[in-house]
Amino acid sequence: MYDYAEINAIAPWFFPIVVFVLGSCIGSFLNVVIYRVPAGQSIVTPSSHCGCGLPIAWYDNIPILSWFILQGRTRCCGQSYSFRYAIVELLTALLFLACWFAFPPAKALVGMLFISILISATFIDLDHMIIPDVFTIGGGVLGVLLSMLIPALHGHDSGFFIVDSLRSVTDGLLGLLIGSGVVLWIALIAEAVLRKEAMGFGDVKFLGAIGAFCGWQGAVFAMFGGAIVGTVWFLIAVIWQKIRGKLTAVAPPAETPEGEPADIGFGVHVPFGPMLAIAGAAYFLFFHRWTTEYFAQISELL
Numbered sequence: 005m006y007d008y009a010e011i012n013a014i015a016p017w018f019f020p021i022v023v024f025v026l027g028s029c030i031g032s033f034l035n036v037v038i039y040r041v042p043a044g045q046s047i048v049t050p051s052s053h054c055g056c057g058l059p060i061a062w063y064d065n066i067p068i069l070s071w072f073i074l075q076g077r078t079r080c081c082g083q084s085y086s087f088r089y090a091i092v093e094l095l096t097a098l099l100f101l102a103c104w105f106a107f108p109p110a111k112a113l114v115g116m117l118f119i120s121i122l123i124s125a126t127f128i129d130l131d132h133m134i135i136p137d138v139f140t141i142g143g144g145v146l147g148v149l150l151s152m153l154i155p156a157l158h159g160h161d162s163g164f165f166i167v168d169s170l171r172s173v174t175d176g177l178l179g180l181l182i183g184s185g186v187v188l189w190i191a192l193i194a195e196a197v198l199r200k201e202a203m204g205f206g207d208v209k210f211l212g213a214i215g216a217f218c219g220w221q222g223a224v225f226a227m228f229g230g231a232i233v234g235t236v237w238f239l240i241a242v243i244w245q246k247i248r249g250k251l252t253a254v255a256p257p258a259e260t261p262e263g264e265p266a267d268i269g270f271g272v273h274v275p276f277g278p279m280l281a282i283a284g285a286a287y288f289l290f291f292h293r294w295t296t297e298y299f300a301q302i303s304e305l306l
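Residue numbers for the sequence shown, in the working numbering: 5 to 306.
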């Protein structure tokens, strides 16, 4: 019986392929979550089915590939369906792969769960301008729990599990509290200045969930990084709309009349949740090393 290290040494391509395939399958499931959770439907039953009501055969439900094989149309009735399904599946597979290459297996698995929460919340927020509590409150609780069980999530790996666990869960709790607290105060100040709601309370809870997985440094990074992403998106959206000669006041509809996800487009008003998710994923996968060192240097100066 080969262990992980031996398999990885003999066939270094094996686990990345498994992770990519797993990610695409999870992405297919996330498409179900994104569509059904806001509608209050079960994510388990019924099985995947076409808009005409007929069940989708397994060979027509292969992640990523099926959209291209069927050329974006269902086999049973020829109804078109959005390319976004394939995008979500491919995005999930690629981000799972990034987690696998970036971290040891245990932290990589936690990262895949975190990425799944971010992707689900992102597309639901784009569609409905809400982030359900299962991803915000549930994500925050899960992040703190996993911080306790897997101390490496916050970089604690001294070999003394109890000590590492206490330090890690403290980081998770601080991230949860500081993340939600920072964005809450910013939202209240912005609301007082603009005299209208500047940020939904779902964003407050969502940043807390990001902090539970990434620590308070990640929460702060996601807050300001999300603002930068949002600014870039806004500028691109305005330029795009001006090129088209039509400036819209609201985001384009997220769904077709049949209830299918609409093709991704640019609108002037977009929710802040996706921006937080992009910045949170960037911190978790890439920027945590430099950001942690930066905050450590600041702490030494204070």
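C-beta atoms are modelled at their ideal positions from N, C-alpha and C, and glycine is treated no differently.
Using the three-state DSSP reduction, which class does residue i fall into: helix, strand or coil?
i	result
H308	Because the chain here runs from 5 to 306, residue 308 falls outside it and cannot be looked at.
S120	helix
P109	helix
H160	coil
S184	helix
D131	helix
A258	With a pLDDT of only 48 at A258, under the threshold of 50, the placement of this residue in the model should not be trusted; the figure read from the coordinates follows. Coil at A258, not helix or strand.
V22	helix
A286	helix
D168	helix
V272	In this prediction, V272 has a pLDDT of 49, which is less than 50 and means its spatial position is unreliable; nothing more can be read from the coordinates.
I193	helix
P278	helix
V41	coil
I66	coil
W17	coil
Suppose contacts are defined by Cβ-Cβ distances below 8 Å. Is residue i in contact with residue j by that definition?
i	j	result
A213	G147	yes
I121	G143	yes
P278	L130	yes
W71	A97	no
C103	T78	no
A231	G179	no
P108	A61	no
A110	I166	no
A285	L95	no
F288	G222	yes
S32	N65	yes
I134	G206	yes
V92	L34	yes
I247	F127	no
V114	L150	yes
F225	F291	yes
Q83	C56	yes
R40	I30	no
Just checking my contact of residue i with residue j at CB under 8 Å: how many whole Å lie between their CB atoms?
i	j	result
S28	P59	With a Cβ gap of about 21 Å, S28 and P59 do not count as contacting.
S124	M152	Contact doesn't hold; Cβ gap of about 23 Å is too wide.
S184	V208	5 Å
L211	M227	6 Å
H132	P20	Their Cβ separation, rounded to whole angstroms, is 34 Å, which puts H132 and P20 out of contact at 8 Å.
H158	D137	Wrong, their Cβ atoms sit about 24 Å apart, outside the cutoff.
G229	A283	3 Å
V274	W237	6 Å
Since residue i sits in a beta bridge, which residues does DSSP pair it with?
i	result
R77	S84
P59	H53
The alpha helix (DSSP H) spanning residue i covers which residue range?
i	result
S151	D137 to L153
V48	Taken as a continuous stretch (DSSP letters only), V48 belongs to no alpha helix (DSSP H), as it is neither H nor E.
W220	F205 to R248
I14	Y8 to I14
With a threshold of 7 Å (Cβ to nearest heavy atom), would residue i be considered close to the ligand GTP?
i	result
P278	Because no ligand of any kind appears in the structure shown, any question about the ligand GTP cannot be addressed here.
Determine, for residue i, whether the minimum Cβ-Cβ distance to residues of chain C falls below 8 Å.
i	result
V92	Protein chain content of the structure displayed is limited to a single chain, and chain C is not contained in it.
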